[in-house]
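Under this note's numbering, the first residue of the sequence shown carries the number 12, and numbering increases by one thereafter.
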Amino acid sequence: MEVVGLWHYPVKSLQGEPIDAARVEQDGVLGDRRWGIRDQRTGRILTARRRPELLGASASYDGDQPVIRLPDGRTVVGPGKRTDGQLSQWLASPVSLVASMVSDPGTAEYFADATDDTSQAIEWTMPAGRYVDAAPVLLLTTASLRTAARHYPNGAWDPRRFRPNILIDLEGEGWIEDSWVGRQVQVGAVTVVPTEPCIRCTMVTRSQPGLDADVEIFRTLARHHHGHFGVWSEVLTRGNLSVGDRASVVASTPSAHA
């Protein structure tokens, strides 16, 4: 098995940045989802579940500062009044760019029916310290991408739809990473412990640059794999990893990580 893709997502729900190498800390990939756009009226962190236009913007880093490129080509750097003003103008509502490290755990909303934006909105609270949905690292395999494409060949099964941190290439088909839950996976110098399958939502149906909106992506996963795709993982051993590094399933995890 080999690492064929690495990503971090500096700002929650904006386009991420593919990277050749990453430092993985106990709480995830360095710089991943350290920033979010907060609705000043509700206090919630915006996501593309409720505001799909977020996927039209992209985020990267200049040193420690997030750089946001808006769909019209404007660029804003770091937090502050100018950034908040430009983001508020773009989203037509008062928002601010906030850091996860200096705020309370973020809250956000998702739709009860991933294929219906008029269904009930449900609030959830993200882990403290980062604006991640459930766990520090999301791992996906090319085997799962091929399996999903076999069930729905007309779909665009681009990894960008599913926002993994680590994409591992391996032969064959099947939802192979599901079998890694509760085991140690060595990825480069990093050891992760997959803890649960990732339950997918309306995010995977959204349009983004180069990808059309497609609710059949979610429906395919719901019909054939309980709506799961990829695995949430905790970090057992910190370290560096790069595209091209080898990966292997090492062992069962200690009981503390089961």
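The C-beta atom is built at its ideal place from N, Cα and C for all residues, glycine as well.
Measure the C-alpha to C-alpha separation of residue i and residue j and round it to an integer number of angstroms.
{"i": "Arg161", "j": "Arg52", "result": "44 angstroms"}
{"i": "Gln97", "j": "Ala132", "result": "27 angstroms"}
{"i": "Val113", "j": "Gly140", "result": "8 angstroms"}
{"i": "Ala167", "j": "Ile48", "result": "28 angstroms"}
{"i": "Gly91", "j": "Arg234", "result": "45 angstroms"}
{"i": "Gly199", "j": "Arg257", "result": "6 angstroms"}
{"i": "Asp144", "j": "Asp50", "result": "18 angstroms"}
{"i": "Thr5", "j": "Ile228", "result": "Summary: the structure shown does not reach residue 5, with the chain confined to residues 12 through 269, and so no result is reported for it."}
{"i": "Asp225", "j": "Thr126", "result": "9 angstroms"}
{"i": "Trp186", "j": "Arg93", "result": "45 angstroms"}
{"i": "Ala110", "j": "Gln76", "result": "10 angstroms"}
Cutting at 7 angstroms between CB atoms, please list the residues of its own chain near residue i, excluding the five before and the five after it.
{"i": "Phe173", "result": "Leu151, Val215, Phe240, Gly241"}
{"i": "Gly42", "result": "His19, Pro21, Tyr72"}
In three-state terms, what does DSSP make of residue i?
{"i": "Ser99", "result": "helix"}
{"i": "Ser111", "result": "helix"}
{"i": "Arg194", "result": "strand"}
{"i": "Val226", "result": "helix"}
{"i": "Val22", "result": "strand"}
{"i": "Ile177", "result": "strand"}
{"i": "Glu13", "result": "strand"}
{"i": "Ser266", "result": "Unreliable positioning characterises Ser266 in this predicted model, as indicated by a pLDDT of 43, which lies under 50. A coordinate reading is not provided."}
{"i": "Asp50", "result": "strand"}
{"i": "Ser244", "result": "strand"}
{"i": "Val143", "result": "coil"}
{"i": "Arg172", "result": "helix"}
{"i": "Leu151", "result": "strand"}
Could you check how far apart the C-beta atoms of residue i and residue j are, in whole angstroms? I think they sit under 8 angstroms.
{"i": "Val148", "j": "Gly39", "result": "6 angstroms"}
{"i": "Arg44", "j": "Tyr121", "result": "That belief does not hold up - the Cβ atoms of Arg44 and Tyr121 are roughly 16 angstroms apart, past 8 angstroms."}
{"i": "Val71", "j": "Pro21", "result": "For the sequence presented, residue 71 should be read as Ser rather than Val. With a Cβ gap of about 6 angstroms, Ser71 and Pro21 count as contacting."}
{"i": "Arg211", "j": "Leu232", "result": "5 angstroms"}
{"i": "Gly246", "j": "Val35", "result": "Looking at the sequence provided, one finds Val at residue 246 rather than Gly. That pair is a contact at about 6 angstroms."}
{"i": "Ser69", "j": "Arg85", "result": "Going by Cβ atoms, the distance from Ser69 to Arg85 rounds to 12 angstroms, so no, they are not a contact pair."}
Report all residues from its chain with a CB closer than 8 angstroms to the CB of residue i; omit the five preceding and five following residues, and keep chain order.
{"i": "Leu17", "result": "Pro29, Ile30, Asp31, Ala32, Ala33, Val40, Asn176, Ile177, Leu178, Leu252, Ser253, Val254"}
{"i": "Leu57", "result": "Lys23, Ser24, Gly47, Ile48, Arg49, Asp50, Leu65, Leu102, Val106, Ala119"}
{"i": "Val196", "result": "Leu150, Thr202, Val203, Val204, Pro205, Ser244, Ala258, Ser259, Val260, Val261"}
Given residue i, which residues of its chain have a CB within under 6 angstroms of its CB, disregarding the five upstream and five downstream residues?
{"i": "Leu156", "result": "Trp168"}
- Query: Any contact of the segment 176-190 with the segment 51-70, i.e. 3+ C-beta pairs under 8 angstroms?
  - Reply: In short, these stretches do not touch, since the Cβ pair count stays below three.
- Item | Given 8 angstroms, three or more beta-carbon pairs between the segment 16-32 and the segment 250-262 | Between the segment 16-32 and the segment 250-262, the count of C-beta pairs closer than 8 angstroms reaches three or more; the two stretches touch.
- Message: Quick check: the segment 185-196 against the segment 220-233, are at least 3 beta-carbon pairs closer than 8 angstroms?
- Response: The way I'd put it, the segment 220-233 doesn't touch the segment 185-196; fewer than three beta-carbon pairs between them come closer than 8 angstroms.
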